[in-house]
Structures are given as structure tokens and as C-alpha cells.
Amino acid sequence: MNDSKLTGIERQLVVQYLIDGNVPVTITPLDEDITNQDEEVRPVNSQIFPLAIKGENLTVKENGDIILENPGQSVKKFLNQSVKVEFYFNRVGLYFNSKVISKKDLYSISIPEVIYRITDVVEEKSYDFCALFYYECRTGKDLNLLCLPWENVELFNRPAWKSIPLENQKKAKELLEKYVADAKLEKNAGNGIQLIPVCNYLTFNQVQKVESLQDRIKPLSILYVDHERIVIALDRINYTFVAGDEYGLKLSFSLKSGPIMTRDIFVTCLVNKIYSLENDERVCVDFRYTSIQEEDLRFIYEKATKTLFI
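Set out below in C-alpha cells:
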């Protein structure tokens, strides 16, 4: 028996919850017709992204049919396809497999007898570099905010414009022009090369996955680091940084050779600039180091520029 299945009573509670409230759902097309709920069905391997449907755009009937109100073209593409429907119930991620059908131009999805709990797939990764915000200087508060490299950047390599997906480059260029103009007035961006990964992150088509637990705190993402600054990306639900605030930060490097396996560098850093888009929870925060040991500055400079510090 699959332990991730809901019991009959649990299913009844969930269906009633869907009927009573405007619950947003995410639907993803599957790569095969569903013949057995116990069989693993994988998402389509294509450029089709999961589609988020707001609660006000659907109605759940007493018979368990989810009626999709005013379906757009993105929904109509899923007609007669098997789909995975994901949503949260009391912050717990759930899903079921069904099919999008149409009767008299009315698009609907039937809730099946089997509903599952979402189980997160834990990916073990090793990182050559990470960072940890451990102290907030203004309040004296101890922190434990882990930062890991964003999977779509190569740290310690000079950011290249071609790293931005082609379909995002027009919007990214508009952002870059604005940020460069602001930096010229504020004189706070150094050579400005860190603005490329900032524009990449803010325009990147990130899929908001439904997870086993809603609003779980995740590691922050590192977009850029050199001997003067570090740029971090996050969702506002994780933490809020304020311009001018200062933090204690530990930078940890894995060493490939030598008797010491890691090198930890402790710095203080100031929130130098915050970048965001309107109506988007994602933000990028540029931190400028306010104190760093000379030998540590030399180490990071040589790693980031691949040249000897003189």
C-alpha cells in the first residue's frame, strides 16, 4: 500500500475544502494516459510549463468536478490530455492525476478516488562555495541564513550576456539599461558586471513548484561574488533586507588541494542596493564588504579574476 495516499476520510475533507474555498491549483501535462493511479506518470518533457490557476478562476462542484472558468489558450492546450493537479491543503502539498475534458465548451477536471501527498525529491549536491549570514549588526540578532550558488550561474567566472536565455534578453536589456543609468547617478555599482546575473535572475522563467510543505524556508541564492561584493537572490517570504543594514557573513570555500579542506572567510557587509520587479516576490540584494582581511581580499580577488593580486 502506498503510504502517500490519503485515506477515504482524508479525501472527503480535502474535496470539501476545495468545494468551500477558492483554492489555487497548478496543472502539468503528463507523458502518458492514466490507466492506473499507482503507476508513476512523469511530466511531459517539453517546453510546456506547469500552469497556475487562481482560485477565483475555478469552481468545484459537489460531484468533484473542477470547472475551469473562462479558460485561456494556455488551458485549452491541455484539452483531452492527462494532467497532474497540485495544490495545498493546510500548507500540505497534495496532488492527483486526471484529465482535462470539455462538454459544451465547459472545461473541467474530475477529482479521482485517489489523492496523494507530495513527497519532495531530495537532491544531494556538493558545493565548492557557500555563504552564511550569521549576524545582524543593527539588532544584534544571531542569524542562520544559508546561501548556495544559483544553479543558472557559474560563480567566479566573468558574467556573460549570452548566459541569459534568448527569449528573456529583450526584457533583461531594458532592466540593464535602467540599472546602469541608476548606478551612474548613485555611483554604487563598481564596474557593474554583477548587473548581468541580476537581470538574468529577475527575468528568468522560474517554475513555482508545489512542494510537500507550503512556504518552507529555503537557502538563498548566490548570483555573484568577488573581492568587493556578493549578490544574493531570494523571495520576500524568506527574509527582508533593508538598505543600509550591516551583517556578519561567512564565506566558505572548498579547497581542492592541500592539508586544509575548507577556507572560511569572515566579513561584514552592507546592503548596498536592492533590485526587484513590480508584482514579483523575487529580489536581488547587492552587499558591499565593509571589513575584510587583506589576505582574504587577495584570495577572493585571485579566484574571481584568475589573476594575481598586485
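Residues in the sequence shown are numbered from 876 upward in steps of one, following our numbering. Where a beta carbon is used, it is the ideal one built from N, C-alpha and C, also for glycine.
Buried versus exposed, by CB contacts within 10 Å (16 or more), residue i
| i | result |
| --- | --- |
| Gly1119 | exposed |
| Gly883 | exposed |
| Trp1036 | exposed |
| Glu915 | Interpretation of Glu915 is limited by its pLDDT of 48, a score under 50 that renders its predicted location unreliable; the figure taken from the coordinates is listed afterwards. That one is exposed. |
| Ile1149 | exposed |
| Asp908 | Only weak support is given to the placement of Asp908: the predicted model assigns it a pLDDT of 48, under 50, and the value that follows is read from those uncertain coordinates. Exposed, since its Cβ has fewer than 16 Cβ neighbours within 10 Å. |
| Val900 | buried |
| Thr1180 | exposed |
| Arg886 | buried |
| Val1117 | exposed |
| Gly968 | buried |
| Ile1068 | exposed |
Limits of the alpha helix (DSSP H) - the one that residue i falls within
| i | result |
| --- | --- |
| Ala1056 | 1044-1061 |
| Cys1012 | Segment: none, Cys1012 is in no alpha helix (DSSP H) and carries neither H nor E. |
| Phe1174 | 1169-1180 |
| Gly883 | 883-895 |
Pairwise C-alpha distance: residue j and residue i
| i | j | result |
| --- | --- | --- |
| Leu1007 | Leu1126 | 7 angstroms |
| Asn920 | Leu905 | Unreliable positioning characterises Asn920 in this predicted model, as indicated by a pLDDT of 45, which lies under 50. A coordinate reading is not provided. |
| Trp1016 | Tyr1009 | Position check: residue 1016 holds Lys in this sequence, whereas Trp was assumed. If you take the alpha carbons of Lys1016 and Tyr1009, they lie about 9 angstroms apart. |
| Asn1080 | Asn1113 | 20 angstroms |
| Asn1066 | Val1100 | 13 angstroms |
| Pro925 | Gln948 | 14 angstroms |
| Glu1026 | Val958 | 27 angstroms |
| Val989 | Lys1093 | 30 angstroms |
| Gln956 | Val1142 | 53 angstroms |
| Cys1005 | Gln1168 | 19 angstroms |
| Ile1105 | Ala1064 | 11 angstroms |
| Ser1059 | Val975 | Reading off the sequence, residue 1059 comes out as Lys, not Ser. Taking the straight line from one Cα to the other gives about 52 angstroms. |
| Glu937 | Asp1090 | 29 angstroms |
| Met1191 | Arg966 | No answer is possible for residue 1191: the residues shown for the chain start at 876 and end at 1185. |
| Ala1047 | Pro1034 | 14 angstroms |
| Asn1032 | Phe1128 | 15 angstroms |
| Cys1144 | Tyr1122 | 5 angstroms |
| Ile1039 | Lys880 | 41 angstroms |
is_contact[residue i, chain C] using C-beta, thresh 8 angstroms
| i | result |
| --- | --- |
| Val1117 | Of the protein chains in the structure, only one exists, and it is not chain C. |
Cβ separation of residue i and residue j, assumed to be a contact under 8 angstroms, to the nearest whole Å
| i | j | result |
| --- | --- | --- |
| Leu1070 | Leu1098 | Between Leu1098 and Leu1070 the Cβ distance is about 10 angstroms, and since that is not below 8 angstroms, they are no contact. |
| Ile942 | Ser983 | 5 angstroms |
| Ser1087 | Asp940 | Contact flag wrong, Cβ pair sits at about 27 angstroms. |
| Glu1011 | Leu1021 | Glu1011 to Leu1021, Cβ: 15 angstroms. No contact. |
| Gly930 | Val898 | 5 angstroms |
N-terminal and C-terminal residue of the beta strand (DSSP E) that residue i is part of
| i | result |
| --- | --- |
| Thr901 | 900-904 |
| Leu981 | 981-985 |
| Thr1115 | Looking at the DSSP string, Thr1115 is not in any beta strand (DSSP E), and its letter there is neither H nor E. |
| Tyr1150 | 1137-1151 |
| Thr994 | Looking at the DSSP string, Thr994 is not in any beta strand (DSSP E), and its letter there is neither H nor E. |
| Leu943 | 940-943 |
| Pro1124 | The sequence shown places Leu at residue 1124, not Pro. Unbroken beta strand (DSSP E) run through Leu1124: 1121-1129. |
| Asn1164 | Note that residue 1164 corresponds to Tyr in the displayed sequence, not to Asn. Taken as a continuous stretch (DSSP letters only), the beta strand (DSSP E) holding Tyr1164 covers 1157-1166. |
The region 1099-1111 contacting the region 1146-1163, beta-carbon criterion three pairs below 8 angstroms: By the Cβ rule, the region 1099-1111 counts as touching the region 1146-1163, because three or more pairs are nearer than 8 angstroms.
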